[in-house]
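One structure is given below, encoded as structure tokens.
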Amino acid sequence: TASFAVMLQSVGVVHHRGYKLLRCKYEVNKEGLVFDARDQVMGLWSMRTLNAVSCGAKSECIKQGMLQATFDPTTNKIMKLTLYFDVFAFMRELRVARDSPMIELIPN
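Every number in this note's numbering is 637 more than the matching position in the sequence shown, counting from 1.
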């Protein structure tokens, strides 16, 4: 979502923001995907920042979780995607990356 993208941009040092966008990469463990008989798949995903340190962060951020996707059986297009992860653990990781006890909260 847009608010997640804005939150990622807050990882770098304040005076570095706006000069370079923080990039991240999502990956799915294809070998671990579980398909049901209908139109759903579940599996593991991970997200890793690619340039947080060059944007002023103390470290890169990594998050792992589970995903659940529902497909349209006639077109094989994703109709719904839900990512599950530990939000509080991710907030702690963001605080470490920013080297700050405070995280700016982005309203939805």
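Even for Gly, the Cβ is constructed at its ideal location relative to N, Cα and C.
Using only alpha-carbon positions, find the residue among 643, 641, 737 that is nearest to residue 696. 737
Just to confirm, are residue 690 and residue 680 a CB contact at a threshold of 8 Å? no
Starting from residue 675 and walking both ways along the beta strand (DSSP E), at which residues does that stretch end? Element bounds for residue 675: n/a, residue is neither H nor E.
Quick check on this structure: which residue in 640, 643, 647 has the alpha carbon closest to the alpha carbon of residue 732? 647
Assigned secondary structure, residue 669 (DSSP; H/G/I helix, E/B strand, else coil): helix
Helix, strand or coil: which one does DSSP assign to residue 725? helix
If we count the other Cβ atoms within 10 Å of its Cβ and call it buried at 16 or more, is residue 734 buried or exposed? buried
For residue 706, name the three-state secondary structure that DSSP assigns. strand
With a 10 Å radius around its C-beta and 16 neighbouring C-beta atoms as the bar for buried, classify residue 694 as buried or exposed. buried
Roughly how far, in whole angstroms, is the beta-carbon of residue 706 from the beta-carbon of residue 714, given that I think they are within contact range, below 8 Å? Actually they are not in contact, since the Cβ atoms of residue 706 and residue 714 sit about 10 Å apart, beyond 8 Å.
Proximity winner among 712, 700, 729, relative to residue 721 (alpha-carbon distances): 700
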